[in-house]
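*Asks:* Input: one structure, supplied below.
Numbering (my numbering), first residue to last: 45 to 609.
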């Protein structure tokens with residue numbers, strides 16, 4: 045095929061070779077056909093020296109310099125902006141050292157791509173972002189924006205902080221399992237897979253600071269630990285509060301199980317009860333104290349043992365449905381039985397105001413004190429003795445009571461009851477409640493005027509058994525100024541006020557001048573008085589009082605028994 049050639053003289057057919065274009069030749073753009081020059085139009089050896097082209101090569105707006113068989117690379121200007129467009133494969137820029145992007149005037153750098161070095165991005169000729177051998181860096185803030193150009197994440201260079209707007213999350217894990225964000229009202233750290241572990245094991249202390257309360261909530265909404273600002277710390281089990289601190293200590297709702305010792309200082313107390321009624325503490329001595337006197341202190345168990353600190357010596361043993369045992373020096377001295385108690389050794393009843401042994405109670409049951417022989421099946425002897433070993437009373441095996449030292453003393457208003465004996469039909473009492481004996485001075489007076497009676501001997505003695513009084517008198521009267529008949533005053537007890545209390549006695553009288561035919565004298569006592577009179581009588585004489593005028597110098601011995609009031 046014959047090609048069209050452009051020469052100095054014009055255009056001819058055939059190849060255009062270098063020799064056809066001299067050094068000064070140039071093809072003006074305006075001289076080129078508007079038709080495209082394609083590869084087929086230029087043979088392989090054809091070339092247009094850049095020196096042969098008119099410079100610069102100007103393209104009108106939207107006119108393109110196209111490269112590649114398929115016009116894959118195109119360079120043009122739209123009138124609004126320059127455009128390099130590659131439609132096939134990569135678009136590569138090659139440089140021996142650096143590739144830079146500058147402003148049109150070349151005075152301001154936009155980007156720099158260094159061979160074997162950094163990629164740098166600039167703002168207003170100021171470096172803001174660069175890659176490094178370790179990654180990348182920014183000089184200034186770094187803003188991450190979403191749709192609508194709204195800032196969502198900001199790295200603030202002024203304080204070195206990474207800031208997320210409300211509800212924008214920092215997500216970690218392949219499935220975004222861990223998320224950290226603020227929802228506008230609350231800050232949240234949420235984990236949807238596995239455990240959430242805060243590990244400061246190689247550091248020192250871990251602080252969680254809050255302007256208000258702190259909640260730890262398992263299962264999403266259950267309370268676990270609640271730390272109230274200026275208030276209590278609360279611990280929960282299955283959303284139920286079990287432990288709470290207070291201004292005075294702490295409070296436990298439920299049981300407390302210890303796997304080690306509870307150690308407390310002297311005088312620190314464990315207090316139990318709504319009113320802290322029970323206290324357990326050590327103040328130099330170990331104490332379990334019931335401070336509420338209106339309630340009991342109870343130790344409840346099927347078996348209770350009180351032992352020495354070494355644990356090898358018993359003080360007391362209590363067994364359910366069985367005995368209570370008391371020990372002395374690890375030797376059992378007292379034991380309850382189904383029938384009562386067993387005592388090994390002596391029973392000493394002592395006290396500052398005297399000891400008391402009480403048998404029986406308020407019921408009508410009969411109480412027994414059984415004295416048996418060592419074999420337990422025959423009678424034994426009961427000896428009551430003093431602390432100095434003096435024998436007081438013995439109840440022997442035959443039932444006899446022997447008082448060795450001292451007396452049988454009956455309290456006032458009480459006595460010996462003989463109700464076990466048979467009774468007469470007129471019985472009024474079987475209680476022997478008094479015994480007394482003593483002396484008194486007989487007072488001989490006149491019934492008209494008492495006068496003064498002189499005696500050489502004047503003795504009175506009495507014995508009172510129950511309400512029966514027996515009087516013995518011996519008087520030797522020598523003179524008197526009394527008048528009337530003889531009355532002896534000053535008996536030790538007033539007689540009973542009843543007809544049954546009227547009585548007489550017997551006497552022996554000496555040196556008495558009897559009146560008329562009288563030959564004997566008796567004492568006569570009326571009721572409800574503490575005196576008696578002397579009456580005389582004879583074979584042909586009736587009873588008459590013994591007048592003082594008859595005789596005032598005689599001796600008399602008499603006895604009189606009467607009933608006291």
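Beta carbons are placed, not taken as given, at the ideal position from N, Cα and C, and that holds for glycine.
Under the assumption that residue 574 contacts residue 539 (Cβ atoms under 8 Å), give the Cβ distance between them as a whole number of angstroms.
*Replies:* Taking the first residue of the chain shown as 1, we reach residue 574 at position 530. Taking the first residue of the chain shown as 1, we reach residue 539 at position 495. Contact flag correct, Cβ pair sits at about 7 Å.
*Asks:* According to DSSP, is residue 544 part of a helix, a strand, or is it coil?
*Replies:* Looking up residue 544 in the chain shown gives position 500. Helix.
*Asks:* Judging by CA-CA distance, which residue of 458, 425, 185 and 234 is the nearest neighbour of residue 263?
*Replies:* Looking up residue 263 in the chain shown gives position 219. Looking at the Cα atoms, 234 is the closest of the given residues.
*Asks:* What residue ranges within the region 238-300 form continuous beta strand (DSSP E) runs of no fewer than 3 residues, ordered along the chain?
*Replies:* 258-260, 269-271, 277-281, 284-290 and 293-296
*Asks:* So, helix, strand or coil for residue 191, using DSSP?
*Replies:* Stepping through the chain shown from its first residue, residue 191 is reached at position 147. In this structure, residue 191 counts as helix in the three-state DSSP scheme.
*Asks:* Relative to the C-alpha of residue 102, which residue among 115, 250, 114 and 119 is closest?
*Replies:* Along the chain shown, one-based indexing puts residue 102 at 58. When only C-alpha atoms are compared, the closest one is 119.
*Asks:* Please state whether the Cβ-Cβ distance between residue 600 and residue 485 is less than 8 Å.
*Replies:* What you label residue 600 is simply residue 556 of the chain shown in a count that begins at 1. What you label residue 485 is simply residue 441 of the chain shown in a count that begins at 1. Result no, Cβ atoms of residue 600 and residue 485 do not sit closer than 8 Å.
*Asks:* Taking Cβ positions only, does residue 175 come closer than 8 Å to chain C?
*Replies:* Of the protein chains in this structure there is only one, and it is not chain C.
*Asks:* For residue 371, which of helix, strand or coil comes out of DSSP?
*Replies:* Locating residue 371 in the chain shown gives position 327, counting from the first residue. Three-state result, residue 371: strand.
*Asks:* With respect to the beta strand (DSSP E) encompassing residue 138, which residues constitute its N-terminal and C-terminal limits?
*Replies:* In the chain shown, residue 138 corresponds to position 94, counting from 1. It is not in any beta strand (DSSP E) - residue 138 carries neither H nor E in the DSSP assignment.
*Asks:* Less than 8 Å separating the beta-carbons of residue 525 and residue 496?
*Replies:* Within the chain shown, residue 525 is the residue found at index 481, counting from 1. Within the chain shown, residue 496 is the residue found at index 452, counting from 1. Yes, these two residues count as a Cβ contact at 8 Å.
*Asks:* DSSP on residue 455, reduced to helix/strand/coil?
*Replies:* As a first step, residue 455 must be located in the chain shown, where it is residue number 411. The answer is coil: DSSP assigns residue 455 none of H, G, I, E or B.
*Asks:* Please tell me whether residue 489 and residue 545 are closer than 8 Å, where the distance is taken between their beta carbons.
*Replies:* Here residue 489 corresponds to residue number 445 of the chain shown, with the count starting at 1. Here residue 545 corresponds to residue number 501 of the chain shown, with the count starting at 1. Contact: no.
*Asks:* What residue ranges within the region 324-360 form continuous beta strand (DSSP E) runs of no fewer than 3 residues, ordered along the chain?
*Replies:* 330-334 and 347-351
*Asks:* With a CB to CB cut of under 6 Å and the five nearest residues on each side skipped, what residues in its chain are close to residue 223?
*Replies:* The residue given as residue 223 occupies position 179 in the chain shown. Counting only Cβ-Cβ distances below 6 Å, and skipping sequence neighbours, we find 213, 215 and 234.
*Asks:* Tell me the DSSP secondary structure of residue 384 in three-state form.
*Replies:* Position 340 of the chain shown, counting from 1, holds the residue named residue 384. In the structure shown, residue 384 sits in coil (DSSP, three-state: anything other than H, G, I, E or B).
*Asks:* Looking at residue 268 and residue 260, is the spacing between their C-beta atoms short of 8 Å?
*Replies:* Start at 1 with the first residue of the chain shown, and residue 260 comes out as number 216. Start at 1 with the first residue of the chain shown, and residue 268 comes out as number 224. The answer is yes: Cβ separation under 8 Å.
*Asks:* Does DSSP put residue 79 in a helix, in a strand, or in coil?
*Replies:* Looking up residue 79 in the chain shown gives position 35. Per-residue confidence for residue 79 stands at a pLDDT of 49, beneath the threshold of 50, marking its modelled position as unreliable; the derived number appears in the next sentence. If DSSP states are grouped into helix, strand and coil, residue 79 belongs with coil.
*Asks:* How would you call residue 579, buried or exposed, if buried means at least 16 neighbouring beta carbons within 10 angstroms?
*Replies:* Counted from its first residue, the chain shown places residue 579 at position 535. Classification of residue 579: buried, given that the 10 Å Cβ count is 16 or more.
*Asks:* Quick check: what's the CA-CA separation for residue 475 versus residue 512?
*Replies:* By 1-based counting over the chain shown, the position of residue 475 is 431. By 1-based counting over the chain shown, the position of residue 512 is 468. About 13 Å.
*Asks:* Considering only residues of the same chain and omitting the five flanking positions on each side of residue 132, which have a CB-CB separation below 6 Å?
*Replies:* The residue labelled residue 132 in the question sits at position 88 within the chain shown. Closer than 6 Å at Cβ, skipping near neighbours: 116.
*Asks:* Candidates 455, 175, 194 and 437: which alpha carbon is nearest residue 448's?
*Replies:* Along the chain shown, read from residue 1 onward, the residue named residue 448 stands at position 404. When each option's Cα is compared against that of residue 448, the closest is 437.
*Asks:* Identify the residues that DSSP records as bridge partners of residue 181: which are they?
*Replies:* To locate residue 181, count along the chain shown from 1; it is residue 137. Looking at the DSSP output, residue 181 sits in a beta bridge with 174.
*Asks:* Please determine, among 152, 452, 135 and 106, the residue with the shortest C-alpha to C-alpha distance to residue 124.
*Replies:* The residue given as residue 124 occupies position 80 in the chain shown. Minimum Cα distance to residue 124 is reached at 106.
*Asks:* Quick one: residues in its chain with C-beta nearer than 7 Å to the C-beta of residue 458, no 5 flanking neighbours on either side, listed in chain order?
*Replies:* Within the chain shown, the letter at position 414 stands for residue 458. Answer for residue 458: 477, listed in chain order.
*Asks:* In angstroms with no decimal places, state the Cα-to-Cα distance between residue 434 and residue 401.
*Replies:* Working through the chain shown from its first residue, we reach residue 434 at position 390. Working through the chain shown from its first residue, we reach residue 401 at position 357. The straight-line gap from Cα to Cα measures roughly 20 Å.
*Asks:* Leaving out five residues on either side along the sequence, give the residues of the same chain with a beta carbon under 6 Å from the beta carbon of residue 143.
*Replies:* If you number the chain shown from 1, residue 143 lands on position 99. The answer, listed in chain order, is 137 and 157.
*Asks:* Go to residue 581, then tell me how far its beta strand (DSSP E) extends in each direction, as first and last residue.
*Replies:* Position 537 of the chain shown, counted from the first residue, corresponds to residue 581. According to the DSSP assignment, residue 581 belongs to the beta strand (DSSP E) that extends over 576-582.
*Asks:* In the structure shown, what three-state DSSP assignment does residue 379 receive?
*Replies:* Stepping through the chain shown from its first residue, residue 379 is reached at position 335. In the structure shown, residue 379 sits in a strand (DSSP, three-state: E or B).
*Asks:* Report the three-state DSSP secondary structure of residue 38 (helix, strand or coil).
*Replies:* Outside the shown range of the chain (45 to 609) lies residue 38, about which nothing can therefore be said.
*Asks:* Leaving out five residues on either side along the sequence, give the residues of the same chain with a beta carbon under 6 Å from the beta carbon of residue 210.
*Replies:* In the chain shown, residue 210 corresponds to position 166, counting from 1. Result list for residue 210: 226 and 228, in chain order.
*Asks:* Helix, strand or coil for residue 161? Go by DSSP, reduced to three states.
*Replies:* Translated into positions along the chain shown, residue 161 becomes position 117. Of the three classes helix, strand and coil, the one that applies to residue 161 here is coil, per DSSP.
*Asks:* Note down the Cα distance separating residue 311 from residue 333, rounded to an integer number of angstroms.
*Replies:* As a position in the chain shown, residue 311 is number 267, starting the count at 1. As a position in the chain shown, residue 333 is number 289, starting the count at 1. So the two alpha carbons sit approximately 13 Å from each other.
*Asks:* Hey, residue 536 and residue 482 are a contact pair by Cβ (cut 8 Å); roughly how many whole angstroms apart?
*Replies:* Numbered from its first residue, the chain shown carries residue 536 at position 492. Numbered from its first residue, the chain shown carries residue 482 at position 438. That pair is a contact at about 7 Å.
*Asks:* For the pair the region 419-428 and the region 440-456, tell me if three or more CB-CB distances fall below 8 Å.
*Replies:* yes
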